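Enquirer:
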Amino acid sequence: MGNSTFSGNKASSCVSTAILKKISCFNCLFEHNIASSGRLIHETDTDTLLLLNSAFVDNELQQSAINNSFDLTMQAFNCTFSGIHDYKKFFYTLKPSLISHCYFDSLDCNLLFPNVICGPGIITGGGPMFAAPDSGNYRLLPCSPLLDAGNNNVLAPGDSTDLDGLPRIRRAAVDIGPYETPAPALNADPATEPSCPGGASGAVAFTISDACPPFSYAWTSGNSSGNGASGLGAGNYSFTISDATGASLNATIAIPEGDPPPIIPFQQPVICGDTTGGSATAAMAGGAPPFQWLWQSGSTDSLLTGLAAGAYSVTVTDARGCTAPGAVQVTRTGNIDVSIQITEISCFGEADGAFTVLPENGKPPFVWDWEDGSNGPTLGPLGPGEYTGSITDALGCFIALLLPLDEPPPLQFDATVHNASGPLSADGSIALTSVGGGTMPYMFQWNNGVENDTLDAVPPGVYTLTLSDAHGCTLAKSFEVSWISNAGEARQRAGLNVYPNPAGNICTLYATLPAGRTAERIELCDFTGKRLHTISLPNPGNGFSLQISLHDLPAGPYLLMLYDNEGHITGRAVVQKK
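Just so we're aligned: 229 in the numbering used here is position 205 of the sequence shown, and the numbers increase by one with no gaps anywhere.
1. I'd like to know whether the C-beta atoms of residue 151 and residue 172 end up nearer to each other than 9 angstroms.
2. Touch check for the region 443-454 and the region 385-402: three-plus C-beta pairs under 8 angstroms?
3. What does the alpha-carbon distance come out to for the pair residue 93 and residue 135?
4. Smallest Cα separation from residue 300: which of 348, 311, 332 and 581?
5. In the structure shown, what three-state DSSP assignment does residue 220 receive?
6. Relative to the alpha-carbon of residue 558, which residue among 266, 34 and 584 has its alpha-carbon at the smallest distance?
7. Assign residue 314 to one of three DSSP states: helix, strand, or coil.
8. Would you kindly work out how many angstroms separate the C-alpha atoms of residue 107 and residue 240, rounded to a whole number?
9. Starting from the C-beta of residue 407, find all residues in its chain whose C-beta is less than 6 angstroms away, skip the five residues before and the five after it, and write them out in chain order.
10. Can you give the beta carbon distance from residue 97 to residue 119, rounded, assuming they're within the 8 angstroms contact cut?
11. Would residue 279 pass as a contact of residue 218 if the rule is Cβ separation under 9 angstroms?
12. Does the distance from the C-beta atom of residue 430 to that of residue 466 stay below 9 angstroms?
13. Tell me which residues share the same chain as residue 569 and place their Cβ nearer than 6 angstroms to its Cβ, disregarding the 5 neighbours each side in the sequence.
14. Which parts of the region 129-156 are runs of the beta strand (DSSP E), unbroken and 3 residues or longer, counting only runs that do not cross its ends?
15. Measure the C-alpha to C-alpha separation of residue 348 and residue 310 and round it to an integer number of angstroms.
16. When the Cα of residue 351 is compared with those of 256, 76 and 337, which residue comes out closest?
17. So, is residue 262 buried or exposed, given that buried needs 16 or more other C-beta atoms within 10 angstroms?
18. Please specify which runs of the beta strand (DSSP E), each continuous and at least 3 residues long, are wholly inside the region 309-395, giving them in chain order.
19. Would you mind sorting residue 192 into buried or exposed? The rule is 16 or more other CB atoms within 10 Å of its CB.
20. Excluding the 5 residues preceding and the 5 following residue 80 in the sequence, name in chain order all residues of the same chain whose CB lies nearer than 6 angstroms to its CB.
21. According to DSSP, is residue 477 helix, strand or coil?
22. I need the straight-line Cα distance from residue 184 to residue 77, nearest angstrom please.
23. What separation, rounded to the nearest whole angstrom, lies between the Cα atoms of residue 529 and residue 600?
24. With C-beta atoms as the reference, is residue 522 less than 9 angstroms away from residue 598?
25. I think residue 369 touches residue 381, with their Cβ atoms under 8 angstroms apart; what is that distance to the nearest whole Å?
26. Among the residues of its own chain, which have a CB less than 8 angstroms from the CB of residue 153, if the five just before and after it don't count?
27. Just to confirm, is the Cβ distance from residue 48 to residue 180 under 9 angstroms?
28. Helix, strand or coil, according to DSSP, for residue 529 in the structure here?
29. Please state if the CB of residue 358 and the CB of residue 282 are separated by a distance shorter than 9 angstroms.
30. Tell whether a beta-carbon distance below 9 angstroms holds between residue 489 and residue 545.
31. Do residue 304 and residue 290 have their C-beta atoms within less than 9 angstroms of each other?
32. Give the secondary structure of residue 113 by DSSP, where H, G and I count as helix, E and B as strand, and everything else as coil.
33. Let me know the beta strand (DSSP E) ranges lying completely inside the region 158-228, each 3 residues or longer, listed in chain order.
34. Tell me where the beta strand (DSSP E) around residue 260 begins and ends.
35. Using only the heavy atoms of the ligand NAD, determine whether one of them is closer than 8 angstroms to the beta carbon of residue 149.
36. How big is the Cα-Cα spacing for residue 161 and residue 210?
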């Protein structure tokens with residue numbers, strides 16, 4: 025009798041009847057049957073009852089099998105007995121009997137009839153771990169202790185399937201009970217996670233059915249081997265996956281190579297004006313600690329401090345050998361402060377100004393960078409204009425400079441001349457009407473020794489005033505005090521002006537003659553009256569300008585005298601050579 029299910033039957037004496045001499049019951053399921061005063065199997069003229077790979081669950085009965093003289097030999101192999109209250113009554117026989125490789129909720133072999141022998145492979149307690157007994161599913165769960173717990177040598181002859189008609193012994197040994205549990209298998213293709221280039225960050229996830237967790241993983245890849253399903257480099261792997269019961273399956277998977285993981289930069293900016301500097305560190309996205317750092321400087325510290333503003337290349341390596349190259353940009357805030365000392369241009373037309381710029385904070389050494397390429401704290405000598413530059417400290421903090429430099433306006437003055445009443449009268453005067461330019465205060469020096477802006481009580485003659493400012497800039501101009509003619513009119517003179525004055529090797533004479541007169545020549549004399557040069561003027565007209573060379577003359581004052589076409593001196597001017 026095999027491959028049969030007896031479920032929910034009720035009888036007063038027996039559930040099944042057999043009249044054979046020897047009864048074999050294999051791949052049978054007896055569950056929830058009731059024979060309150062009888063047995064599961066009623067035998068007639070039977071001397072042996074053989075139970076193979078069968079399950080007896082929650083049956084209400086007096087005994088399993090019996091004849092009138094209780095001389096039935098019982099043998100039970102690879103069977104499950106659960107929910108039986110009195111195993112002595114179940115194995116109710118006086119004949120030699122054997123129980124081997126069977127499961128019982130609880131069993132004390134000493135309480136059975138002495139002729140009943142408990143053989144090897146008996147499992148008691150812990151539950152058989154049926155899949156869903158409440159709904160009649162008595163198949164075994166993957167973690168059941170009944171898996172692979174049977175004896176392969178006592179299978180029913182010619183029977184190679186279980187109660188479901190599926191093959192027996194799908195693992196190492198036959199299962200206890202009527203059902204055989206399938207061997208572990210993959211439910212789906214394994215899910216893989218790529219590995220970083222050159223490292224071991226790959227992983228594989230297996231979905232396994234008919235297996236008892238936890239699982240262990242052993243793999244080979246080329247000449248390498250190891251355990252686990254993570255921390256894998258790119259390549260092909262042969263896996264052996266074993267469950268908690270020792271059952272295993274094999275799988276071949278490929279771990280692809282992914283992109284390098286990105287770094288996560290962290291920085292503390294440089295605060296300009298402070299000497300502490302910035303800091304930089306980096307982490308690896310998705311990396312496995314501990315990490316190692318290699319900076320462009322060769323440092324292996326995790327944190328760089330005292331940094332100048334800028335980019336710092338770093339390679340972060342994690343515990344799996346994954347590398348993440350990148351850079352940390354250290355920024356800056358604020359500016360350094362400076363003091364600016366200005367040397368003003370002394371005189372109009374000069375180039376003797378300067379700037380001296382000194383840092384008031386920041387971290388030395390400092391670098392000055394001026395537009396002309398100079399690199400010191402002082403820029404000069406300078407003429408008027410705008411000058412640009414910058415100062416940078418050791419931390420990369422800088423300040424941009426735009427420095428205007430003005431020159432003083434040119435010295436200028438004018439005067440009103442009051443002529444004398446006669447050629448020998450000392451009642452002429454010269455009074456300044458305007459003074460400007462240069463840098464106040466002014467100083468006045470007439471060629472006759474008077475130090476005032478007004479010259480009084482002087483006879484006719486040429487008088488030269490040298491105006492000096494606070495920087496020593498000078499301007500000399502001559503005025504002629506004439507006398508009143510018999511007609512009561514002053515003889516008209518030409519207006520002369522020299523620029524620049526003081527002058528270098530070249531000066532320019534500007535002349536305006538009275539109407540009706542023309543200039544004939546110019547004589548250059550020293551202050552002793554010695555004539556040094558004569559310059560002819562062919563038809564210059566009433567107004568002209570003329571460049572005069574002073575390059576062969578030593579420094580000092582010189583007199584320029586303009587003669588008209590009648591041979592008279594019609595104008596005088598003093599030029600000061602530097």
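Where is the CB? At the ideal position from N, CA and C, for every residue including glycine. Computed from a predicted model, the values in this text were never measured in an experiment.
Expert: Result, derived from the coordinates:
1. no
2. no
3. In this prediction, residue 93 has a pLDDT of 43, which is less than 50 and means its spatial position is unreliable; nothing more can be read from the coordinates.
4. 332
5. Here residue 220 sits in coil by DSSP.
6. 584
7. coil
8. 35 angstroms
9. Hits under 6 angstroms: 375.
10. With 8 angstroms as the limit, residue 97 and residue 119 qualify as a contact, their Cβ atoms being about 4 angstroms apart.
11. yes
12. no
13. 532 and 534
14. Look at the region 129-156 and you find these whole runs of beta strand (DSSP E), each 3 residues long or longer: 140-142 and 154-156.
15. Each residue's Cα considered, the two are about 11 angstroms apart.
16. 337
17. exposed
18. 316-319, 328-331, 334-341, 347-354, 362-367, 377-383 and 391-394
19. buried
20. Excluding positions up to five away in sequence, the list reads 54 and 105.
21. coil
22. Each residue's Cα considered, the two are about 12 angstroms apart.
23. 11 angstroms
24. yes
25. Not confirmed; about 17 angstroms, so no contact.
26. 164, 165, 167, 168, 169 and 170
27. In this structure, residue 48 sits near residue 180, with a CB-CB distance shorter than 9 angstroms.
28. coil
29. no
30. no
31. yes
32. helix
33. 161-164 and 215-217
34. 259-266
35. With respect to the ligand NAD, the structure offers nothing, as it holds no ligand at all.
36. 23 angstroms
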